[in-house]
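Residue numbers (my numbering), protein chains in the order written: chain A, 17 to 244; chain B, 17 to 244.
Since the structure comes first, as structure tokens, the remarks are kept for the end.
Number of protein chains: 2
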Amino acid sequence: MYTYNYPHPAVTVDCVIFGLGEQELEVLLIQRKAEPFRDSWALPGGFVHIDESLEDAARRELKEETGVENVFLEQLFTYGEPARDPRERVISVAYYVLVKPSDFKLRAESDASDARWFPLKSLPPLAFDHASILASGLQRLKGKVRYEPIGFELLPARFKLPQLQKMYEIILEQPVDKRNFRKKILGTNLLVQLDEFDTSEQRRPARLYRFDRKKYLQLKQKGFNFEI
Amino acid sequence: MYTYNYPHPAVTVDCVIFGLGEQELEVLLIQRKAEPFRDSWALPGGFVHIDESLEDAARRELKEETGVENVFLEQLFTYGEPARDPRERVISVAYYVLVKPSDFKLRAESDASDARWFPLKSLPPLAFDHASILASGLQRLKGKVRYEPIGFELLPARFKLPQLQKMYEIILEQPVDKRNFRKKILGTNLLVQLDEFDTSEQRRPARLYRFDRKKYLQLKQKGFNFEI
DNA sequence: TCAAAAGTGTTAACCATACACCCATGC
DNA sequence: GCATGGGTGTATGGTTAACACTTTTGA
Numbered sequence: 017m018y019t020y021n022y023p024h025p026a027v028t029v030d031c032v033i034f035g036l037g038e039q040e041l042e043v044l045l046i047q048r049k050a051e052p053f054r055d056s057w058a059l060p061g062g063f064v065h066i067d068e069s070l071e072d073a074a075r076r077e078l079k080e081e082t083g084v085e086n087v088f089l090e091q092l093f094t095y096g097e098p099a100r101d102p103r104e105r106v107i108s109v110a111y112y113v114l115v116k117p118s119d120f121k122l123r124a125e126s127d128a129s130d131a132r133w134f135p136l137k138s139l140p141p142l143a144f145d146h147a148s149i150l151a152s153g154l155q156r157l158k159g160k161v162r163y164e165p166i167g168f169e170l171l172p173a174r175f176k177l178p179q180l181q182k183m184y185e186i187i188l189e190q191p192v193d194k195r196n197f198r199k200k201i202l203g204t205n206l207l208v209q210l211d212e213f214d215t216s217e218q219r220r221p222a223r224l225y226r227f228d229r230k231k232y233l234q235l236k237q238k239g240f241n242f243e244i
Numbered sequence: 017m018y019t020y021n022y023p024h025p026a027v028t029v030d031c032v033i034f035g036l037g038e039q040e041l042e043v044l045l046i047q048r049k050a051e052p053f054r055d056s057w058a059l060p061g062g063f064v065h066i067d068e069s070l071e072d073a074a075r076r077e078l079k080e081e082t083g084v085e086n087v088f089l090e091q092l093f094t095y096g097e098p099a100r101d102p103r104e105r106v107i108s109v110a111y112y113v114l115v116k117p118s119d120f121k122l123r124a125e126s127d128a129s130d131a132r133w134f135p136l137k138s139l140p141p142l143a144f145d146h147a148s149i150l151a152s153g154l155q156r157l158k159g160k161v162r163y164e165p166i167g168f169e170l171l172p173a174r175f176k177l178p179q180l181q182k183m184y185e186i187i188l189e190q191p192v193d194k195r196n197f198r199k200k201i202l203g204t205n206l207l208v209q210l211d212e213f214d215t216s217e218q219r220r221p222a223r224l225y226r227f228d229r230k231k232y233l234q235l236k237q238k239g240f241n242f243e244i
């Protein structure tokens, strides 16, 4: 590694933001106001400032463009094909983000904004190589949700088991056996049974649980592996 | 994403190169000739040219600095802490690389070079944040070797089963039951039995096999998952 | 009393694990 | 003929998968 006088590329971050809809996964996109790809939908993101870390840049852009903050965020992949941006050489570090329903509400608050949730099954055409970034975010989510407890990031802190099961069914796109699911998930002892019930529906109320993250982290250090 | 007049960071690639030693994993490092960290050992790598893709840059640096080419190479993580390089803002896209024994020989050929293999257990102090990059390369290798057939990348095209088993024992740092291992690995039908034997040792010759990559890719598309 | 979703156990099939001896070769 | 690692099968325990009815509530 010697001295370096060649031109530097621009570096951006882009975020694939997943949320749980009623029956499917949704992704938060923004509509571009500037060329290139003006008026196209795109992943929220932007240029990395010279004095901030990559993750800081991702969180900053996330907040600026969508109002979303304090969420699960993990680096996905870095895209650097020379021609991926028509303006100049732009290297993009992609992140994926999981938001809870309570974060969804920001959608309403910031509705002056150009951000919108799209069901995965009906995405608009995306700017740049964002469709491919989104696809690998989805692939990562599907793969990781089975052996790390990241699915809880898509649910409220207190949830009912049918809700948890539904989340897995939506992400994995396959039905899950109710009894086996309950046996397995309760068998981990990572769910804390609360003395509360969801009475908002007009039927038998479901018991609420929360995920015991502290306990999970302890077990993980001892070599325990979460698995669905 | 608007126009962008801020300074651009430099972008580098760094490679964590794994090879199998007799009894342990080894990593290929180079000794730096320039400041900062002059004479320190470091991961091979360097600046990304403005017109080459990230992977192309990684392969180019790999060849230039170590003579290694045509190997398994996969993106690992992108490191962008603002102070990780004392000279200027440098964002590094890290790759991990798996080389076969036949690629090892380049070590001898290019021994004028400043590249050397180090057993994982006796690494020298590393420049920049390379120790942490190396650690996550190792973590990735350990995690991935169990559910993707990447371990074969560390072996010659034709290998004997005890050799394959040893590779897993070295990477996973735990003993593997010989009979169960053979049952499982042969049960996948992904190993092709050859009519050749390893007669180089002074004992009962071991049968040679090769990994059937084509078959694996077909099965994978149908949802098959390799697992050890 | 009805509709709708919550909640609960048992059995059978499969898979993972543990384990010990004979074989083929070169010296 | 001996030392060395190569090669082979079975039995057990644990895990996963399949499956149907009762309970609770609000309307």
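In this text, a Cβ means the ideal position worked out from N, Cα and C, and glycines have one as well.
As assigned by DSSP and simplified to three states, the class of residue i
| i | result |
| --- | --- |
| Ile186 of chain B | helix |
| Tyr225 of chain A | strand |
| Leu36 of chain A | strand |
| Pro135 of chain A | strand |
| His24 of chain B | coil |
| Ile46 of chain B | strand |
| Tyr232 of chain B | helix |
| Gly96 of chain B | coil |
| Ser148 of chain A | helix |
| Glu125 of chain B | Any reading at Glu125 of chain B must be qualified, since the residue scores a pLDDT of 48, below 50, and its modelled position is unreliable; the value itself is stated next. It is helical. |
| Glu171 of chain B | Residue identity check: residue 171 of chain B is Leu in the sequence provided, not Glu. Coil, per DSSP. |
| Ile107 of chain B | strand |
| Ala73 of chain B | helix |
| Phe213 of chain A | strand |
Alpha-carbon spacing of residue i relative to residue j, whole angstroms
| i | j | result |
| --- | --- | --- |
| Ile244 of chain B | Gln190 of chain A | 25 Å |
| Pro25 of chain B | Lys200 of chain B | 49 Å |
| Arg229 of chain B | Glu169 of chain B | 11 Å |
| Asn196 of chain A | Val161 of chain A | 18 Å |
| Lys194 of chain A | Ile186 of chain A | 14 Å |
| Pro23 of chain A | Ile66 of chain B | 7 Å |
| Asp130 of chain B | Trp57 of chain B | 9 Å |
| Leu78 of chain A | Leu36 of chain A | 18 Å |
| Gln47 of chain A | Thr82 of chain A | 11 Å |
| Tyr111 of chain B | Leu177 of chain B | 29 Å |
| Ile166 of chain A | Glu217 of chain B | 50 Å |
| Arg219 of chain B | Gln237 of chain B | 41 Å |
| Ser148 of chain A | Glu51 of chain A | 20 Å |
| Arg8 of chain B | Ser138 of chain A | No answer is possible for residue 8 of chain B: it lies beyond the span of chain B, which begins at 17 and ends at 244. |
| Lys231 of chain B | Leu171 of chain B | 19 Å |
| Lys49 of chain B | Pro102 of chain A | 37 Å |
| Glu80 of chain B | Asn21 of chain B | 33 Å |
| Val208 of chain A | Val208 of chain B | 50 Å |
| Leu154 of chain A | Glu40 of chain A | 12 Å |
Pick from the options that is closest to residue i, judged by C-alpha positions
| i | options | result |
| --- | --- | --- |
| Asn241 of chain B | B:Leu224, B:Leu206 and B:Thr215 | B:Leu206 |
| Glu38 of chain A | A:Gly96, A:Arg48, A:Phe63 and A:Leu180 | A:Leu180 |
| Pro117 of chain B | B:His146, B:Phe53 and B:Val84 | B:Val84 |
| Leu45 of chain A | A:Cys31, A:Arg54 and A:Phe53 | A:Cys31 |
| Tyr163 of chain B | B:Gly239, B:Gln47, B:Gly62 and B:Glu81 | B:Gly239 |
| Phe134 of chain A | A:Glu104, A:Phe120 and A:Lys236 | A:Phe120 |
| Ala151 of chain B | B:Tyr95, B:Gly203, B:Phe213 and B:Val115 | B:Tyr95 |
| Ser108 of chain B | B:Leu136, B:Ala74 and B:Glu217 | B:Ala74 |
| Val115 of chain B | B:Lys49, B:His146 and B:Met183 | B:Met183 |
| Gln234 of chain B | B:Thr204, B:Ala50 and B:Gln218 | B:Thr204 |
| Arg54 of chain B | B:Pro165, B:Leu171, B:Phe144 and B:Tyr232 | B:Phe144 |
| His146 of chain B | B:Lys236, B:Pro172 and B:Gly62 | B:Gly62 |
Cutoff 6 Å; reference residue i; Cβ partners in own chain excluding five residues on either side
| i | result |
| --- | --- |
| Phe227 of chain A | Phe168 |
| Val113 of chain B | Cys31, Ile33, Val87 and Leu89 |
| Pro140 of chain B | Trp57 |
heavy atom of the ligand SAH below 7 Å from residue i C-beta
| i | result |
| --- | --- |
| Glu189 of chain A | This structure lacks the ligand SAH, and indeed carries no ligand of any kind. |
Rounded Cβ spacing between residue i and residue j (contact assumed at less than 8 Å)
| i | j | result |
| --- | --- | --- |
| Leu210 of chain A | Arg174 of chain A | 6 Å |
| Glu68 of chain A | Pro98 of chain B | 7 Å |
Chain-order list of residues whose beta-carbon lies under 7 Å from that of residue i (same chain, five-residue window excluded)
| i | result |
| --- | --- |
| Val106 of chain A | Pro25, Ala26, Thr28 and Arg100 |
| Gln213 of chain B | Here the sequence assigns Phe to residue 213 of chain B, which means Gln is not the residue at that position. Answer for Phe213 of chain B: Pro221, Ala222, Arg223 and Leu224, listed in chain order. |
| Glu104 of chain A | Ala26 |
| Val192 of chain A | Gln181, Tyr184 and Glu185 |
| Phe93 of chain B | Ala110 and Ser152 |
| Lys158 of chain A | Ile187 and Leu188 |
Cut-off 8 Å between Cβ atoms - residues of its own chain near residue i, not counting five sequence neighbours on either side
| i | result |
| --- | --- |
| Thr215 of chain B | Pro221 |
| Glu42 of chain A | Phe34, Gly35, Leu36, Trp133, Phe134, Pro135 and Leu136 |
| Leu142 of chain B | Leu45, Ser56, Trp57, Ala58, Leu59 and Leu150 |
| Glu71 of chain A | Leu89, Gln91 and Tyr111 |
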